[in-house]
Amino acid sequence: MAISSTFSAAKLDSLLMNYCSSSSASFSGAYFPYQQQMKVFPRPNHGNKGMVSRNGGVRCEAAEFNAALGPQKIDLSKASALSALQQLKTSAADRYTKERSNIVVIGLSVHTAPVEMREKLAIPEAEMPRAIGELCGLNHIEEAAVLSTCNRMEIYVVALSQHRGVKEVTEWMSKTSGIPVSKIYEHRFLLYNKDATQHLFEVSAGLDSLVLGEGQILAQVRQVVKAGEGVLGFGRNISGLFKHAITVGKRVRTETNIAAGAVSVSSAAVELAFMKLPESSHTTARMLVVGAGKMGKLVIKHLVAKGCTKMVVVNRSEEKVAAIREEMKGVEIIYRPFTDMLACSAEADVIFTSTASETPLFLKEHVKDLPPVSSEVGGLRLFIDISVPRNVGSCVTDVEGAQVYNVDDLKEVVAANKEDRLRKAMEAQAIITEELKQFEAWRDSLETVPTIKKLRAYADRIRLAELEKCLSKMGEDIPKKTRKAVDDLSRGIVNKLLHGPMQHLRCDGNDGRTLNEALENMNALNRMFGLESDLSLVEQKIRAKVEQSQK
Numbered sequence: 001m002a003i004s005s006t007f008s009a010a011k012l013d014s015l016l017m018n019y020c021s022s023s024s025a026s027f028s029g030a031y032f033p034y035q036q037q038m039k040v041f042p043r044p045n046h047g048n049k050g051m052v053s054r055n056g057g058v059r060c061e062a063a064e065f066n067a068a069l070g071p072q073k074i075d076l077s078k079a080s081a082l083s084a085l086q087q088l089k090t091s092a093a094d095r096y097t098k099e100r101s102n103i104v105v106i107g108l109s110v111h112t113a114p115v116e117m118r119e120k121l122a123i124p125e126a127e128m129p130r131a132i133g134e135l136c137g138l139n140h141i142e143e144a145a146v147l148s149t150c151n152r153m154e155i156y157v158v159a160l161s162q163h164r165g166v167k168e169v170t171e172w173m174s175k176t177s178g179i180p181v182s183k184i185y186e187h188r189f190l191l192y193n194k195d196a197t198q199h200l201f202e203v204s205a206g207l208d209s210l211v212l213g214e215g216q217i218l219a220q221v222r223q224v225v226k227a228g229e230g231v232l233g234f235g236r237n238i239s240g241l242f243k244h245a246i247t248v249g250k251r252v253r254t255e256t257n258i259a260a261g262a263v264s265v266s267s268a269a270v271e272l273a274f275m276k277l278p279e280s281s282h283t284t285a286r287m288l289v290v291g292a293g294k295m296g297k298l299v300i301k302h303l304v305a306k307g308c309t310k311m312v313v314v315n316r317s318e319e320k321v322a323a324i325r326e327e328m329k330g331v332e333i334i335y336r337p338f339t340d341m342l343a344c345s346a347e348a349d350v351i352f353t354s355t356a357s358e359t360p361l362f363l364k365e366h367v368k369d370l371p372p373v374s375s376e377v378g379g380l381r382l383f384i385d386i387s388v389p390r391n392v393g394s395c396v397t398d399v400e401g402a403q404v405y406n407v408d409d410l411k412e413v414v415a416a417n418k419e420d421r422l423r424k425a426m427e428a429q430a431i432i433t434e435e436l437k438q439f440e441a442w443r444d445s446l447e448t449v450p451t452i453k454k455l456r457a458y459a460d461r462i463r464l465a466e467l468e469k470c471l472s473k474m475g476e477d478i479p480k481k482t483r484k485a486v487d488d489l490s491r492g493i494v495n496k497l498l499h500g501p502m503q504h505l506r507c508d509g510n511d512g513r514t515l516n517e518a519l520e521n522m523n524a525l526n527r528m529f530g531l532e533s534d535l536s537l538v539e540q541k542i543r544a545k546v547e548q549s550q551k
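Using UniProt numbering, the first residue of the sequence shown is number 1, and each one after it goes up by one.
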């Protein structure tokens, strides 16, 4: 099975050598079939989100190499006549075509990395298409999506190679954030295929949030789909994954009581502020909210629910504040522009920040000259920062009389209802398990699509060749009507012959028995018609990557 000679030899050699060098065990198995090295991957433990294998158990890389070669397995008696590079090319090419691409998530979340790292990795919504384009420009990445929130930065990709794909994405994260690769390795988590899918479903359902069942994350998953529409790298697998995650999130909230009493990051921030204030000052503490976006509006709503009747809101424009004031009748909401932010801060006991600013709004030099707050509110001016990147610099903690809290500090609020959280999570997990099976079945059903296309193309090539022979025998002066009739006849015969095989290849992925039969039929047709020998797919993939690397 050879790679097309149209490839750039040097670039292709480099690409394939990079691919194969990623696994010394694979290399050893290709060179010395009888000196096979075994790699043992532990069975996946979803509670420990590290590097896992989808199927778990024992995996022999050298055996995989020989199995991948199938009928074209290298004859040991002729092995010496083949160059090592040619063997590696054959192995890599087969693995691209015969192994399904992997869904991988490379992420850092509030559970694994501090906010100082997450804010550097954060990608604004407007930058999503650019990020997807850059990720899909990497050699081993086919599709990509980015889920960037205040609690997580997760990159979902479809990778041609697990090891190389993860390495390329991690290096891209380091390049865009300025964080050393070694530091990202220390705090990232990796999940593959079924485990990556389950993780996103849990995220969408609110099970992985600091605040169980919070609804904002579902809206953020929806936003990923919206931002990815029309973007070249947001392909069928990734878009299907995120759309199914939205379905899971909606179903969990509809069919369980996980959302009953659930709080958002904003409400947890308000709760934290009231935990830190003396109870006697709950109705008198002066509140300042910086930012009137979605998060800021929720802060205002929860302050009102706590009994606050007066607050100052700093925002770039008055329009959003006026709309909130209209909605919250009976509450005194005072608008101030950003130019008055420091003046308003001087008159506030508690300051909530929730803007999209990529640079801090409050630094040590801004806060050190603010007048002290009264002992009635505890003698400390509270900064509750729920933005990522942070709006309040960590240096503010050095100022006497100031106390800074960020999203990582909300864990204190969340820990209060741990037992109830676990019970609700178990209810939701049953739904996630069911939906996970459906998604995996749908993804498995996609495997028959290339065979359907190749079988039709194979039949059409034969049809056209035989049609040409027939028409040439009929002479040059054939009427157009006759030519069309013969062409239609050939098409009709082919369509009727293909109808049965095509029906046995198609399934919606919901019926496990039908799916297994479809995959068996696919393998049978591949063998009977030699469809597996068609390397056009790998040629297209590698050629595209080589061309990108040459630009």
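C-beta: ideal position from N, C-alpha, C; glycine also.
Entirely enclosed beta strand (DSSP E) segments - the stretch 380-434, minimum 3 residues: List check, beta strand (DSSP E) in window: 381-385, 402-405.
Which full runs of the alpha helix (DSSP H) of 4+ residues lie inside the UniProt domain "Glutamyl-tRNA reductase N-terminal" (106-256), going along the chain? Runs of the alpha helix (DSSP H) inside the UniProt domain "Glutamyl-tRNA reductase N-terminal" (106-256): 115-121, 128-136, 162-177, 181-187, 193-205, 216-228, 236-255.
What would DSSP say about glycine 500, mapped onto helix, strand or coil? Three-state result, glycine 500: helix.
Can you tell me the Cβ-Cβ gap for isoleucine 258 and leucine 190, rounded? I've got them flagged as a contact below 8 Å. Contact doesn't hold; Cβ gap of about 27 Å is too wide.
Beta-carbon within less than 6 Å of proline 278's beta-carbon, same chain only, minus the 5 sequence neighbours each way: which residues are those? Excluding residues within five positions, the ones whose Cβ falls inside 6 Å are Gly378.
Exposure label - methionine 311; buried when at least 16 CB within 10 Å: Using a 10 angstroms sphere on the CB of methionine 311, the tally of other CB atoms reaches 16 or more, which defines it as buried.
Between Lys481, Ile478, Ile432, which lies nearest to valine 252 when the distance is taken from Cα to Cα? Among Lys481, Ile478, Ile432, the Cα nearest to that of valine 252 is on Ile432.
Under 8 Å by Cβ, that's how I've got valine 350 and methionine 287 pegged, so tell me the actual separation to the nearest angstrom. Under the criterion of beta carbons closer than 8 Å, valine 350 and methionine 287 qualify as touching, at roughly 5 Å.
For alanine 113, I'd like the list of residues in its chain whose CB is within less than 6 Å of its CB, leaving aside the five on either flank, ordered along the chain. If we look at alanine 113 and ignore the five residues flanking it on each side, its Cβ neighbours are His187.
Under the assumption that phenylalanine 362 contacts asparagine 315 (Cβ atoms under 8 Å), give the Cβ distance between them as a whole number of angstroms. With 8 Å as the limit, phenylalanine 362 and asparagine 315 do not qualify as a contact, their Cβ atoms being about 16 Å apart.
Using a Cβ-Cβ cutoff of less than 7 Å, which residues in the same chain neighbour serine 204 once the five nearest sequence positions on both sides are dropped? If we look at serine 204 and ignore the five residues flanking it on each side, its Cβ neighbours are Ile217, Leu218, Val221, Ala245, Ile246, Val248, Gly249.
DSSP state of valine 265, grouped into three classes? It is helical.
Three-state class that DSSP yields for threonine 451 in the structure shown: Taken through DSSP and simplified to helix, strand or coil, threonine 451 comes out as helix.
Once you ignore the five residues that flank serine 174 on each side, which residues in its own chain have a CB closer than 7 Å to its CB? Only residues of its own chain outside the window of five on either side were considered, and among them Pro180, Val181, Ile184 have a CB closer than 7 Å to the CB of serine 174, listed in chain order.
Could you check where the alpha helix (DSSP H) with methionine 295 kicks off and where it finishes? Element bounds for methionine 295: 294-305.
Consult DSSP for lysine 329 and reduce its assignment to one of helix, strand or coil. Correct three-state label for lysine 329: coil.
Go to valine 367, then tell me how far its alpha helix (DSSP H) extends in each direction, as first and last residue. Unbroken alpha helix (DSSP H) run through valine 367: 364-367.
Measuring alpha carbon to alpha carbon, tell me which of Arg336, Ser490, Lys368, Ser267 ends up nearest glutamate 468. It is Ser490 whose Cα lies nearest to the Cα of glutamate 468.
Alpha-carbon to alpha-carbon, glutamate 412 and alanine 430: If you take the alpha carbons of alanine 430 and glutamate 412, they lie about 28 Å apart.
CB phenylalanine 352 to CB valine 399, shorter than 8 Å? No, they are not a contact pair.
Looking only at C-alpha atoms, which of Val414, Gly137, Leu382 sits nearest to tyrosine 405? Measuring from the Cα of tyrosine 405, the nearest candidate turns out to be Leu382.
Distance, threonine 284 Cα to phenylalanine 274 Cα: Between phenylalanine 274 and threonine 284, the C-alpha separation is close to 12 Å.
Three-state secondary structure (DSSP) at arginine 336? In this structure, arginine 336 counts as strand in the three-state DSSP scheme.
Compare the C-alpha of glutamate 154 against each of Leu135, Ser161, Cys308 and name the closest. Among Leu135, Ser161, Cys308, the Cα nearest to that of glutamate 154 belongs to Leu135.
Using the Cα positions of alanine 428 and proline 360, report the straight-line distance between them to the nearest angstrom. For alanine 428 and proline 360, the gap between their C-alpha atoms comes out near 38 Å.
Cα-Cα, which of Ile103, Ser264, Thr451, Ala485 is closest to leucine 498? The shortest C-alpha separation from leucine 498 is found at Thr451.
Which residues mark the beginning and the end of the beta strand (DSSP E) in which leucine 531 is found? Segment: none, leucine 531 is in no beta strand (DSSP E) and carries neither H nor E.
Could you check where the alpha helix (DSSP H) with methionine 341 kicks off and where it finishes? First-last of the alpha helix (DSSP H) with methionine 341: 341-346.
Taking the DSSP output, what are the residues bridged to valine 494? DSSP lists no partner for valine 494.
8 Å CB neighbourhood of glutamate 168 in its chain, flanking five on each side removed: Excluding sequence neighbours, glutamate 168 sits near Leu138, Asn139, His140, Ile141.
Selection from Ser266, His282, Val313 that minimises the alpha carbon distance to histidine 302: Scanning Ser266, His282, Val313 for the CA closest to the CA of histidine 302 turns up Ser266.
Boundaries of the beta strand (DSSP E) in which methionine 311 is found, first to last residue: Unbroken beta strand (DSSP E) run through methionine 311: 310-314.
Run of the beta strand (DSSP E) containing isoleucine 351, from where it starts to where it stops: Its beta strand (DSSP E) spans residues 350-353.
To the nearest angstrom, report how far apart alanine 425 and cysteine 395 are at their CA atoms. Note on geometry: alpha-carbon atoms of alanine 425 and cysteine 395 lie some 38 Å from one another.
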